[in-house]
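S.K.:
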Amino acid sequence: MYKVNNFKSNNLNETLKHALKTNALSIYNDNDELIIDLRNNILDVLYNNHLFKVDKANKRYVYLPIKYYPKSSKSIELEYHTGAYNYLYSKVGFNTLEAFINLDNATYTLSDNNTKYNGYVLFNHKTVDELDVGLTIRHVNDEVVVQPFYYYMGGLKEKVFYLDSIVLSKFEFLNEKTFKGTDNFKVFLTTTKDGWYFKIDVLNKDISYEKYIRIEENMHQKEGRFLVGSSLVPVSDTLWDPLCAASFKNVNFEEILLNSNTYLYPTSKAMEKGFSQGYPFASYKLTNHSFIFETQYE
Numbered sequence: 068m069y070k071v072n073n074f075k076s077n078n079l080n081e082t083l084k085h086a087l088k089t090n091a092l093s094i095y096n097d098n099d100e101l102i103i104d105l106r107n108n109i110l111d112v113l114y115n116n117h118l119f120k121v122d123k124a125n126k127r128y129v130y131l132p133i134k135y136y137p138k139s140s141k142s143i144e145l146e147y148h149t150g151a152y153n154y155l156y157s158k159v160g161f162n163t164l165e166a167f168i169n170l171d172n173a174t175y176t177l178s179d180n181n182t183k184y185n186g187y188v189l190f191n192h193k194t195v196d197e198l199d200v201g202l203t204i205r206h207v208n209d210e211v212v213v214q215p216f217y218y219y220m221g222g223l224k225e226k227v228f229y230l231d232s233i234v235l236s237k238f239e240f241l242n243e244k245t246f247k248g249t250d251n252f253k254v255f256l257t258t259t260k261d262g263w264y265f266k267i268d269v270l271n272k273d274i275s276y277e278k279y280i281r282i283e284e285n286m287h288q289k290e291g292r293f294l295v296g297s298s299l300v301p302v303s304d305t306l307w308d309p310l311c312a313a314s315f316k317n318v319n320f321e322e323i324l325l326n327s328n329t330y331l332y333p334t335s336k337a338m339e340k341g342f343s344q345g346y347p348f349a350s351y352k353l354t355n356h357s358f359i360f361e362t363q364y365e
């Protein structure tokens, strides 16, 4: 049990949000022991003994526990508002990616609170400007659907996020809160003279989706790098709860080929860096050149 003034809750995240909203000075446990001193500008919050840091003024995380993959360089490009995630970056020198992703054994579990979460399987390419493409896994009208998206991050033109209304696949219902994937996918992403082209195939069905993203002629003046990721992103909640029981598990990257001849996986020679941000709520498993990304909010 956590207490702040006259408010009590068994949920630490809920208590923290109430304390910040009411400008409280401290949070105590049932034994009247001080858990969080809210007089500080940066708050130390322990979720199951894992340290998170909160910017009190802006009501958002500024530090999450992180675990780097073996042989990884460190990253200065960390995100704190997008939940716990796994990111794998390639070295520079690649402009084409082909990936096989198995979601037929993946599971998606809803949270125990009011925050909704979207699962993402994403592929990013960067020379100067950046583009994300991939799959969004969402709970909509009591179903879990898989839809294609892209996000041009801006630079030469304005930012554009596009989520297509087409449904490539649906997860099947397992129980009240958990759904299981049914399909496997192939994603192809490459640069063009004026932008990018990507194609998503549903391998066990006659379904394909493709799109050209046109930005500017001769925009790629050098070779780029790729990023492969999986995440479970809170919708409109910068202080998301890592103990909410939501999960996106068993996302199996069976094979990723760069420039048709180079494998990318954690610890591979093509890897520049990789990490589980929000560890242990994000984690990975490696088998040869295949790997599994998972996000599990306990």
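Residues in the sequence shown are numbered from 68 upward in steps of one, following the numbering used here.
From the three backbone atoms N, C-alpha and C, an ideal C-beta is built for every residue, glycine too.
Since the structure is predicted, the reported quantities are computational estimates derived from the model, not experimental observations.
1. Exposed or buried, which one is Thr89 when buried takes at least 16 other CB atoms within 10 Å?
2. Could you tell me the alpha carbon to alpha carbon distance between Leu299 and Tyr332, rounded to whole angstroms?
3. Around the Cβ of Tyr156, are there at least 16 other Cβ atoms within 10 angstroms (buried) or fewer (exposed)?
4. Going straight from the alpha carbon of Tyr154 to that of Glu239, what length do you get?
5. Taking just the CA atoms, how far does Val318 sit from Val302?
6. Nearest-angstrom Cα distance between Ser76 and Leu189?
7. Express the C-alpha separation of Asn172 and Leu230 in angstroms, rounding to a whole number.
8. Determine the DSSP secondary structure at Lys244, reduced to helix, strand or coil.
9. Am I right that Lys134 and Glu339 are in contact with their C-beta atoms under 8 angstroms? What's the rounded C-beta distance?
10. Three Cβ pairs or more, each shorter than 8 angstroms: is that satisfied between the region 190-197 and the region 285-295?
11. Figure out for me which residue from Leu131, Leu202, Leu223 has the closest Cα to the Cα of Pro215.
12. Under the DSSP definition of a beta bridge, which residues are partnered with Trp263?
13. In or out: Asp104 buried (at least 16 other Cβ within 10 Å) or exposed?
14. Between Glu210 and Glu243, what straight-line distance do the alpha-carbon atoms span, to the nearest angstrom?
15. Roughly how many angstroms lie between the CA atoms of Thr259 and Ser297, to the nearest whole one?
16. Figure out for me which residue from Ile267, Phe119, Asn271 has the closest Cα to the Cα of Tyr279.
17. Going by DSSP, which residues form a beta bridge with Leu299?
18. On the criterion of 16 or more Cβ atoms from any shown chain inside 10 Å, does Ile109 qualify as buried, or is it exposed?
19. Who are the near neighbours of Leu223 in its chain, counting only those whose CB is closer than 7 angstroms to its CB and skipping five residues on each side?
20. Excluding five sequence neighbours on each side, which residues of the same chain lie with their C-beta closer than 7 angstroms to the C-beta of Val212?
21. Comparing alpha-carbon positions, which option in Trp263, Phe265, Lys253 lies nearest Lys272?
22. Buried or exposed for Gly221, going by 16 or more other Cβ atoms inside 10 Å?
23. Are Ile168 and Phe320 close, meaning C-beta to C-beta below 9 angstroms?
M.R.: Reading off the structure:
1. exposed
2. 20 angstroms
3. buried
4. 27 angstroms
5. 20 angstroms
6. 36 angstroms
7. 24 angstroms
8. coil
9. No, Lys134 and Glu339 are not in contact; Cβ-Cβ is about 17 angstroms, not under 8 angstroms.
10. yes
11. Leu202
12. Thr258, Ile280
13. exposed
14. 11 angstroms
15. 25 angstroms
16. Ile267
17. Gly186
18. exposed
19. Asp196, Ile282, Glu283, Met286
20. Arg205, Val234, Lys237
21. Lys253
22. exposed
23. yes
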